[in-house]
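In this note's numbering, the protein residues as written are 1 to 333. In what follows, a structure is listed as structure tokens, so that the remarks can point back to it.
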């Protein structure tokens, strides 16, 4: 028995005082009307309607039950009306978890403009490099790297590819020398981003061969901003997304090394709990992310290659594939 349908049938029969008229109003046959009433009475264990071939009347139990059924169905109708605007226009509070450095480097300046488009929307943005439990912690969406996508129950939407670069301050290279091969990093003071999936093993590829280097160093930290600060201070060398140090490299505060070797890359994803019935507030934020990550046609995520460098990184797509990854027309995995 469909309980909601049975309650609607009972209300119509009682208010119209007619099985036949209730059937016409609800688009149900007379036998279907009778069946719903009979099943409802059997489920409740009481008779709601006394009926003969010519007349019907509510029992005392039926009159009491009708009062509560009417209140309940009216409350459901009001609830549907409240949800109407929410289903069509972005509103309410959107809770988002995002890596701090990606957000500060690439997104935060655009947030006020995004919110200005949707005056009924509030954004609760949590900047944290750790992997949050989206469902348990009540987030609508999170931005994550490809080395942090263990939860297969989430929908993942590709946003951008972030290649990495080996770099250090000029003062560090002057004092300790610039590594000429990946193996030279074994003797370097390597600054590690502890939340990365490749914190202790750095992988390189060149001319079809791969080298996996177990690195060590005196500083491991869970913030990529702290890694960048240590690099600027000349404390060591690190494997870090090019996006995070692009301005430092261009200004000469940092210098790259091993440019003829391809390095690991990270693919950024927007992840959220469900594909169906996606709330408008989540949908418009996804559109915003895709728009922002595809804004720069020069692809600032990708470091410029020096002459003679290899064509592709470790697991890296072609230029055409990279471009497809960060354009708005991205197909869900």
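Here a beta-carbon is modelled for each residue, glycine too, at the ideal position from N, C-alpha and C.
Considering residue 295, what are the terminal residues of the beta strand (DSSP E) in which it resides? For residue 295, there is no enclosing beta strand (DSSP E), as DSSP gives it neither H nor E.
Cβ shell of residue 66 (< 6 Å), same chain only, five flanking positions each side left out: The beta carbon of residue 66 is closer than 6 Å to those of 14 in its chain, skipping five residues each way along the sequence.
Considering only their Cβ atoms, is the gap separating residue 91 from residue 126 smaller than 8 Å? No, they are not a contact pair.
Please state whether the Cβ-Cβ distance between residue 248 and residue 232 is less than 8 Å. Yes; because the gap between Cβ atoms is below 8 Å, this pair is in contact.
Strictly by DSSP, which residues pair up with residue 50? Looking at the DSSP output, residue 50 shares a beta bridge with 57.
Measuring straight from C-alpha to C-alpha, what distance separates residue 216 and residue 190? Annotation: residue 216 to residue 190 spans about 6 Å, alpha carbon to alpha carbon.
Quick one: what's got a C-beta closer than 7 Å to residue 17's C-beta in the same chain, skipping five residues either side? Sequence-distant partners of residue 17 (beyond 5 residues in either direction) whose C-beta falls short of 7 Å from its own C-beta, in its chain, are 56.
Apart from the five residues on each side of it in sequence, which residues of its chain come closer than 6 Å, Cβ to Cβ, to residue 25? Excluding positions up to five away in sequence, the list reads 12.
Which of helix, strand or coil does DSSP assign to residue 308? With a pLDDT of only 39 at residue 308, under the threshold of 50, the placement of this residue in the model should not be trusted; the figure read from the coordinates follows. The answer is coil: DSSP assigns residue 308 none of H, G, I, E or B.
Would a C-beta distance cut-off of 8 Å place residue 263 and residue 165 closer than the cut-off? Taking the C-beta atoms as reference points, residue 165 is found nearer than 8 Å to residue 263.
Element boundaries [beta strand (DSSP E), containing residue 23]: No beta strand (DSSP E) holds residue 23; the alpha helix (DSSP H) holding it covers 19–26.
Residue 158 and residue 267 - do their beta-carbons sit closer together than 8 Å? For the 8 Å CB-CB criterion, residue 267 and residue 158 form a contact.
CB contact flag (residue 240, residue 256, <8 Å): Judged by beta-carbon spacing, residue 256 lies beyond the 8 Å limit of residue 240, meaning their Cβ atoms are not closer than that value.
Assign residue 36 to one of two classes, buried (16 or more other C-beta atoms within 10 Å of its C-beta) or exposed (fewer than that). Classification of residue 36: buried, given that the 10 Å Cβ count is 16 or more.
Verify whether the separation of the beta carbon atoms of residue 227 and residue 193 is less than 8 Å. Judged by beta-carbon spacing, residue 193 lies within the 8 Å limit of residue 227, meaning their Cβ atoms are closer than that value.
Specify the secondary structure class of residue 266 as computed by DSSP and reduced to three states. In the three-state DSSP reduction, residue 266 falls in the strand class (E or B).
Can you round the beta-carbon distance between residue 110 and residue 293 to whole angstroms, since I take them to be within the 8 Å contact cut? Not really, about 11 Å apart at Cβ, beyond 8 Å.
Own chain residues within Cβ distance below 8 Å of residue 34, not counting five before or after: Within the same chain, 19 come within 8 Å of residue 34 by CB-CB distance, once the 5 residues on both sides are set aside.
Just grab the DSSP bridge partners of residue 211 for me. BP columns for residue 211 point to 204.
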